[in-house]
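Asks: Chains as they are written, first to last, in my numbering: chain A, -11 to 521; chain B, 70 to 213.
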Amino acid sequence: MSSLAEKDRPIVQLLLNAGTCPRCVLRFCCVGSQMLYRQPHKDLMKDLQEFLKNSEEKEDTVCLAVADPPCKRIRLEPRQEGADDLNHNGAVPQLPSAGDGNIAVESSAGKVCNVCLGILQEFCEADFVKKVCQKVNSADYQFTSFVFSVSLPPQLSVRERAAWLGVKQQMRNLGLPLAKDDIIQLKEAYKWIIHPQLSEELGVPADGKSLFEVSVVFAHPETDEECHFLATACPDCFKPAKNKQSVFTRMAVIKALEKIKEEHFLKHFPCPPSSPKNLCDALEIQCNNGAVFVAGRYNKYSRNLPQTPWIIDGERKLESSVEELISEHLMAKFKADSFNFSSSGREDVDVRTLGNGRPFAIELVNPRRIRFSAEEMKRLQQAINDSSDKIQVRDLQLVTRSAIGRMKEGEEEKTKTYSALIWTDKAIQREDIAFLDDIKELKLDQKTPLRVLHRRPLAVRCRLIHTMKSEYIDEHHFRLHLKTQAGTYIKEFVHGDFGRTKPNIGSLLNRTADILELDVESVDVDWPPTLAD
Amino acid sequence: RICVITLAEAHPLLQSGKTIKNINYQISANCSRLQNKVSGKSKRLCLFIFQMQGAQFLTELAPLCRISSSDGEEYTIYSCIRGRLIEVNENILSNPALLQEKPSTEGYIAVVLPKFEESKSITQGLLTQKEYEEVLLKRRSSAS
Chain A
-11 MSSLAEKDRP
-1 IVQLLLNAGT
9 CPRCVLRFCC
19 VGSQMLYRQP
29 HKDLMKDLQE
39 FLKNSEEKED
49 TVCLAVADPP
59 CKRIRLEPRQ
69 EGADDLNHNG
79 AVPQLPSAGD
89 GNIAVESSAG
99 KVCNVCLGIL
109 QEFCEADFVK
119 KVCQKVNSAD
129 YQFTSFVFSV
139 SLPPQLSVRE
149 RAAWLGVKQQ
159 MRNLGLPLAK
169 DDIIQLKEAY
179 KWIIHPQLSE
189 ELGVPADGKS
199 LFEVSVVFAH
209 PETDEECHFL
219 ATACPDCFKP
229 AKNKQSVFTR
239 MAVIKALEKI
249 KEEHFLKHFP
259 CPPSSPKNLC
269 DALEIQCNNG
279 AVFVAGRYNK
289 YSRNLPQTPW
299 IIDGERKLES
309 SVEELISEHL
319 MAKFKADSFN
329 FSSSGREDVD
339 VRTLGNGRPF
349 AIELVNPRRI
359 RFSAEEMKRL
369 QQAINDSSDK
379 IQVRDLQLVT
389 RSAIGRMKEG
399 EEEKTKTYSA
409 LIWTDKAIQR
419 EDIAFLDDIK
429 ELKLDQKTPL
439 RVLHRRPLAV
449 RCRLIHTMKS
459 EYIDEHHFRL
469 HLKTQAGTYI
479 KEFVHGDFGR
489 TKPNIGSLLN
499 RTADILELDV
509 ESVDVDWPPT
519 LAD
Chain B
70 RICVITLAEA
80 HPLLQSGKTI
90 KNINYQISAN
100 CSRLQNKVSG
110 KSKRLCLFIF
120 QMQGAQFLTE
130 LAPLCRISSS
140 DGEEYTIYSC
150 IRGRLIEVNE
160 NILSNPALLQ
170 EKPSTEGYIA
180 VVLPKFEESK
190 SITQGLLTQK
200 EYEEVLLKRR
210 SSAS
């Protein structure tokens, strides 16, 4: 257990005089014992008073905070090595008398701390904890741990620096050395105190890596303008940003505090800082769950269904979409705020997706429900499949964020197979198309198709048709099965796109060809893992 | 809406007997339609917009190319559409016969993308196939 030593005495005295709360005093004395901070405010104050009072007593008196053991929090050391307290001249440093200490206590008690503005005071109490937990419970989230994040007003950094400079000055005046120990950070101490209480109320542990975040934003409008003087010292730290309301953001203030010279700071800001009238306000208590990812494969049986909603000028051009038909059910079950749909490539509105289907992943943002068993996922899959005959899903499962990367990999690298129904202007016989079956690794040069030029840059892409298999139907029709490299435009390979895809079926057959129907037969990605039925 | 500029079916160059001698995309000393900067290798939207800004903007009377036939005639093909020039068909430079054999498909002249706001008014200013044929009929009857 840490304790206060003689060297801390002037610091404690100065800060208590200035209206600093006991916990902040401990922080500035680099007291690292978490337990201490959790003690009730009143007890800590009493102990500090005792500590100060005992400075006036004789060396050989064993100093205890208070007589009764339950209240004994700070184990104080008697003044053993008096020589250490002497300054270089050998004179005993003059410390304020015990009488002054009492005045400091009186002026400190009940006041809002001049450093933490109440964060380590009121906002550590059971009432606030209850308020937070009420908000969490009413939000009805499913979670197994939590991370508590706190947003502090920027002026706290200013006040922290001011208190430190005040201490530094005082020690210099007294001719005392000031060790460059690490002051305990406000946020850290706050979490030491509040985490166990939140944990107890919510029934789950605090975990820095938790996906469930409870966040509180604190503000102190009374002192908002305290940061403004920094703009004169470091104007380039405070450039007006477009989206932010105030230029004095936390980051900007911290940056300026790093740059500002001590003398300048001392000139423009009281060190230690003055006592505020009011506490901080806890503006918002919000809950957020990290996104969950659901993956699967979808089949599309409609030739009239876009993958994503087709809306132009606010008007929906076609009813529904693959993405909506799938995510509707997921959104409801997971109780999420929104979703992001991605898939391993896309097909046109009029193209069916057959075979094993196309891999997709849906990110569910801020879900209230996160735990689903394999059984429940199966039932969810069934519900989606029962709700529509335009699409079907399989292998529906929870996956990690890395899923998205795997899918995009599939989009860019993996082969696809297709079946195209082709029409020709001039008659064909079986022998006219038989040669197509023998062509392997056909190299295409495809300029960006005209039909997508309004939204894609003009470029030439080199793509491979790995294999083809033709099925003669009649003099003007045949079916072609092809296996192609990812990113190949099949329709353009058939009709040639004004000669901008070369070669094309038309040029190969020396006719004019057009595509009547296209189906995706397979998307050759072995992800997500196939689930047993 | 993307527009593909092609020779109209009544164009003299598409009448029998004409042979194309030369196709030139150099419009003036400083302007060549071949130097239209719209090439890029990225799918990113910001690069796409940048490319669009680099592309030459055409008005209705902007010349796309000049075509000379072996009988000494020279024809200027105009854009007829306001918009950004996306590409000119380089295939007809290497194979001028394409222009006459497949004027409406592989023998196209250029691709132009009108401004989004002007798209509708441009479409409305064009003739349908039927209306065009009526124009031709009238022309022929007044000529004879």
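For glycine and all other residues, C-beta sits at the position ideal for the given N, C-alpha and C.
Please read all numbers here as calculations on a predicted model, not as lab measurements.
Please list the segments of the beta strand (DSSP E) lying wholly inside the stretch 276 to 324 of chain A, counting only runs of 3 or more residues, in order along the chain.
Replies: Listed in chain order, they are 280 to 288.
Asks: What residue does the beta strand (DSSP E) around A:Q434 start on, and which one ends it?
Replies: Here the beta strand (DSSP E) through A:Q434 covers 430 to 435.
Asks: Can a CB atom of chain A be found closer than 7 Å to the CB of B:I89?
Replies: Output row for B:I89: interface = no.
Asks: By Cβ distance below 8 Å, which residues in the same chain neighbour A:L368 in space, the five residues on each side in sequence not counted?
Replies: Once the five neighbours on either side are set aside, the close Cβ partners of A:L368 are H317, L318, K321, F360, L384.
Asks: Quick one: any contact between the stretch 182 to 200 of chain A and the stretch 122 to 134 of chain A, if contact means 3 or more CB pairs under 8 Å?
Replies: They touch, by the three-pair rule.
Asks: I want to see whether chain B comes within less than 7 Å of A:G398, judged by CB atoms only; does it?
Replies: Answer no: the Cβ-Cβ gap between A:G398 and chain B never drops below 7 Å.
Asks: Relative to the alpha-carbon of B:R135, which residue among B:A124, B:S163, B:L196, B:R102 has its alpha-carbon at the smallest distance?
Replies: Answer by Cα proximity: B:R102.
Asks: Closest by CA to A:A501, which one among A:D512, A:D433, A:E419, A:D413?
Replies: Nearest of A:D512, A:D433, A:E419, A:D413 to A:A501, Cα basis: A:D413.
Asks: Going along the chain, which residues of the stretch 170 to 197 of chain B sit with their C-beta nearer than 7 Å to a C-beta in chain A?
Replies: Those would be T174, E175, Y177, V180, L182, in chain order.
Asks: Would you mind telling me which residues of chain B sit closer than 7 Å to A:L540, beta carbon to beta carbon, in chain order?
Replies: No information on residue 540 of chain A is available, as it lies outside the stretch -11 to 521 that chain A covers here.
Asks: Rank A:F257, A:V280, A:V511 by C-alpha distance to the C-alpha of A:I392 and give the top, closest one.
Replies: A:I392 has its Cα closest to that of A:V280, out of A:F257, A:V280, A:V511.
Asks: Going by the DSSP bridge assignment, what does A:Q130 pair with across the sheet?
Replies: DSSP, once it has assigned bridges, lists no residue as partnering A:Q130.
Asks: Please list, in chain order, the chain B residues whose beta carbon lies closer than 9 Å to that of A:G487.
Replies: Near A:G487 (Cβ distances below 9 Å), the residues of chain B are N158, N160, L167, K171, T174, E175, G176, Y177.
Asks: Any beta carbon of chain B sitting closer than 7 Å to that of A:L441?
Replies: So yes, A:L441 belongs to the interface.
Asks: Taking only three categories from DSSP, how would you classify B:N99?
Replies: It is coil, neither helix nor strand.
Asks: Using only the alpha-carbon positions, how far apart do A:A221 and A:K156 sit?
Replies: One C-alpha to the other measures close to 21 Å.
Asks: Alpha carbon to alpha carbon, how far is A:S187 from A:A194? Give it in angstroms, no decimals.
Replies: When rounded, the distance between both Cα atoms is 6 Å.
Asks: Please work out which residues of its chain come closer than 8 Å, Cβ to Cβ, to A:R467, disregarding the five sequence neighbours upstream and downstream, and give them in chain order.
Replies: Result list for A:R467: S407, A408, L409, I410, S458, E459, I461, in chain order.
Asks: Need the endpoints of the alpha helix (DSSP H) that A:V13 sits in, please.
Replies: That run of the alpha helix (DSSP H) goes 10 to 16.
Asks: Taking B:G176 as the reference, give the member of B:E186, B:N164, B:C149 with the closest Cα.
Replies: Of B:E186, B:N164, B:C149, the residue nearest in Cα terms is B:N164.
Asks: By DSSP's criteria, A:V235 is part of a beta bridge. Which residues make up the other side?
Replies: In DSSP, A:V235 forms no bridge with anything.
Asks: Could you compute how far the alpha carbon of B:G86 sits from the alpha carbon of B:E142?
Replies: Looking at the two C-alpha atoms, the distance is approximately 13 Å.
Asks: According to DSSP, is A:E471 helix, strand or coil?
Replies: Note that residue 471 of chain A is Lys in the sequence shown here, rather than Glu. Reduced to three states, the DSSP call for A:K471 is strand.
Asks: For B:I155 and A:V381, what's the separation of their Cα atoms in angstroms?
Replies: Rounded to the nearest angstrom, the two C-alpha atoms are 40 Å apart.
Asks: So which residues on chain A does B:I92 lean against when the C-beta distance must stay under 9 Å?
Replies: Simply none; closest approach about 15 Å.
Asks: DSSP state of A:H208, grouped into three classes?
Replies: Three-state result, A:H208: coil.
Asks: Based on Cα-Cα distance, which residue from A:V204, A:R334, A:S137 lies nearest to A:R571?
Replies: Lying outside -11 to 521, the shown extent of chain A, residue 571 of chain A is not represented and no answer is given.
Asks: Which term fits A:H216, buried or exposed, when burial requires 16 or more other beta carbons within 10 angstroms of its beta carbon?
Replies: Classification of A:H216: exposed, given that the 10 Å Cβ count is below 16.
Asks: Quick one: what does DSSP say A:T476 is sitting in, helix, strand or coil?
Replies: Residue state, collapsed to three classes: coil.
Asks: What does the Cβ neighbour count give for B:E200, buried or exposed, with the cut at 16 atoms within 10 Å?
Replies: The residue is exposed, with fewer than 16 neighbouring Cβ atoms inside 10 Å.
Asks: In whole angstroms, what separates the C-alpha of A:A219 from that of A:R238?
Replies: The straight-line gap from Cα to Cα measures roughly 13 Å.
Asks: DSSP three-state call for A:K414: helix, strand or coil?
Replies: If DSSP states are grouped into helix, strand and coil, A:K414 belongs with coil.
Asks: Less than 7 Å separating the beta-carbons of A:R394 and A:D338?
Replies: Not in contact: A:R394 and A:D338 (Cβ atoms no closer than 7 Å).
Asks: Give the secondary structure of A:Y25 by DSSP, where H, G and I count as helix, E and B as strand, and everything else as coil.
Replies: The answer is helix: DSSP assigns A:Y25 an H, G or I state.
Asks: Need the endpoints of the alpha helix (DSSP H) that B:A131 sits in, please.
Replies: Where B:A131 is concerned, there is no enclosing alpha helix (DSSP H), given that its DSSP letter is neither H nor E.
Asks: Just mark A:D507 as buried or exposed, buried being the case when its beta carbon has 16 or more other beta carbons within 10 Å.
Replies: So A:D507 counts as buried.
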